[in-house]
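Undergrad: Position 195 of the sequence shown, counted from 1, bears residue number 195 in the numbering used here, the numbering being contiguous throughout. What follows is a single structure, and I will ask about it in a moment.
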Amino acid sequence: MINYSKCKIKIASQGQSLIELAILLPLLLMLVFGVIDYARAIQFNNILVAMSREGANLASRTSALPQDIIRALNVTADPLVMNTRGRIFITRIIGKKVVPTCVDAPPTFCTTFANVEAQTRAVSGAAALTSKVWSCAAGWNGSGNCTFVPANASAVIPMTLSDGEEVFAVETLYDYNVIVNYVMQTGPKLYSLTVL
């Protein structure tokens, strides 16, 4: 004898797993794309950190022009699109005494500040991305150099310089574009600073 109640249950439950999949698939895809987005953002940030370190190394140890260093860094930036979504700044900073006539007499030392001598930025790049070390208010010439740096221009760097000490601050910035904006509404502005 055939049990018709089992057949009815089988027929009634056909397609149920397909409906469950249709309901859960968008949620699962959103989670997968969110994880991929975060992984890409971490990868892009690691690339920016490496670029700023290498740029500071080249700026402080070679006699290459800052714009040549920026071009070399942009070539190595793959998969980042630095020409449209990123920007690099190289700032030359020298430690200067606040009071020029002050004489260091241990255990007290003269107060110094980080004086900006020159700043260069990538000629092409995202215009909305600005330097956090020092902003050139006078504008930029065609070769990416700040047209006028005031004598008392002070840089914001995470260290104190001795009088006459020269360093280069290399900033790499990137406007990250998210794949799916359900997880992150807007892409983060990635940033790296190396002072050497």
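Glycine included, C-beta positions come from ideal geometry on N, C-alpha and C. Note that the coordinates shown come from a computational prediction; the quantities given were computed from them, not determined experimentally.
What residue range is occupied by the uninterrupted beta strand (DSSP E) comprising residue 168?
TA: Mapped onto the sequence shown, residue 168 falls at position 168. From DSSP, the beta strand (DSSP E) with residue 168 extends over 166-175.
Undergrad: When you compare only the Cα positions, how much space is there between residue 190 and residue 41?
TA: The residue labelled residue 190 in the question sits at position 190 within the sequence shown. The residue labelled residue 41 in the question sits at position 41 within the sequence shown. Taking the straight line joining both Cα atoms gives about 8 Å.
Undergrad: Would the beta-carbon of residue 116 fall within 8 Å of that of residue 91?
TA: Position 116 of the sequence shown holds residue 116. Position 91 of the sequence shown holds residue 91. Contact: yes.
Undergrad: Per the contact definition of three or more C-beta pairs closer than 8 Å, is the region 120-130 in contact with the region 160-170?
TA: no
Undergrad: Rank 46, 16, 89, 19 by C-alpha distance to the C-alpha of residue 145 and give the top, closest one.
TA: Indexing the sequence shown from 1 puts residue 145 at position 145. Comparing Cα-Cα distances from residue 145 to each of 46, 16, 89, 19, the minimum goes to 89.
Undergrad: Alpha carbon to alpha carbon, how far is residue 178 from residue 70?
TA: Working through the sequence shown from its first residue, we reach residue 178 at position 178. Working through the sequence shown from its first residue, we reach residue 70 at position 70. Cα-Cα distance, rounded: 25 Å.
Undergrad: With DSSP as the reference, label residue 148 as helix, strand or coil.
TA: Mapped onto the sequence shown, residue 148 falls at position 148. Assignment of residue 148 by DSSP, reduced to helix, strand and coil, places it in the coil class.
Undergrad: Can residue 64 and residue 58 be called in contact, C-beta distance under 8 Å?
TA: Taking the first residue of the sequence shown as 1, we reach residue 64 at position 64. Taking the first residue of the sequence shown as 1, we reach residue 58 at position 58. In this structure, residue 58 lies closer than 8 Å to residue 64 by Cβ.
Undergrad: What are the partner residues of residue 119, as DSSP defines its beta bridges?
TA: In the sequence shown, the residue the question calls residue 119 occupies position 119. 91.
Undergrad: Check residue 161 in the structure and name its three-state DSSP category.
TA: Translated into positions along the sequence shown, residue 161 becomes position 161. In this structure, residue 161 counts as coil in the three-state DSSP scheme.
Undergrad: On the three-state DSSP scale, how would you describe residue 154?
TA: For the purposes of this step, residue 154 is taken as the residue at position 154 of the sequence shown. Strand.
Undergrad: If you follow the alpha helix (DSSP H) that residue 192 is in, where does it begin and where does it stop?
TA: To locate residue 192, count along the sequence shown from 1; it is residue 192. Looking at the DSSP string, residue 192 is not in any alpha helix (DSSP H); the run it does join, the beta strand (DSSP E), is 189-195.
Undergrad: Considering only residues of the same chain and omitting the five flanking positions on each side of residue 139, which have a CB-CB separation below 6 Å?
TA: Position 139 of the sequence shown holds residue 139. Taken in chain order, the residues that qualify are 147.
Undergrad: Taking only runs that begin and end inside the region 31-91, name each unbroken alpha helix (DSSP H) of 4 or more residues, in chain order.
TA: 66-75, 82-85
Undergrad: Out of 167, 151, 52, state which residue places its alpha-carbon closest to the alpha-carbon of residue 98.
TA: Translated into the one-based positions of the sequence shown, residue 98 becomes position 98. Of the candidates 167, 151, 52, the one whose C-alpha sits nearest the C-alpha of residue 98 is 151.
Undergrad: Using a threshold of 8 Å, state whether the C-beta atoms of residue 193 and residue 169 are closer than that.
TA: On the sequence shown, position 193 is the one that residue 193 refers to. On the sequence shown, position 169 is the one that residue 169 refers to. Cβ atoms of residue 193 and residue 169: closer than 8 Å.
Undergrad: Count the other CB atoms within 10 Å of the CB of residue 22; is the residue buried (16 or more) or exposed (fewer)?
TA: Against the sequence shown, residue 22 aligns to sequence position 22. Exposed.
Undergrad: Could you name the residues of the same chain whose beta carbon sits closer than 6 Å to that of residue 95, not counting the 5 residues immediately before and after it, in chain order?
TA: One-based indexing of the sequence shown puts residue 95 at position 95. Residues 112, 161, 162, 163, 165 of the same chain have their beta carbon placed closer than 6 Å to that of residue 95, with the five preceding and five following residues left out of the count.
Undergrad: Rounded C-beta distance between residue 142 and residue 83? I'm assuming under 8 Å.
TA: Position 142 of the sequence shown, counting from 1, holds the residue named residue 142. Position 83 of the sequence shown, counting from 1, holds the residue named residue 83. At roughly 16 Å, the Cβ-Cβ gap does not stay under 8 Å, so residue 142 and residue 83 are not in contact.
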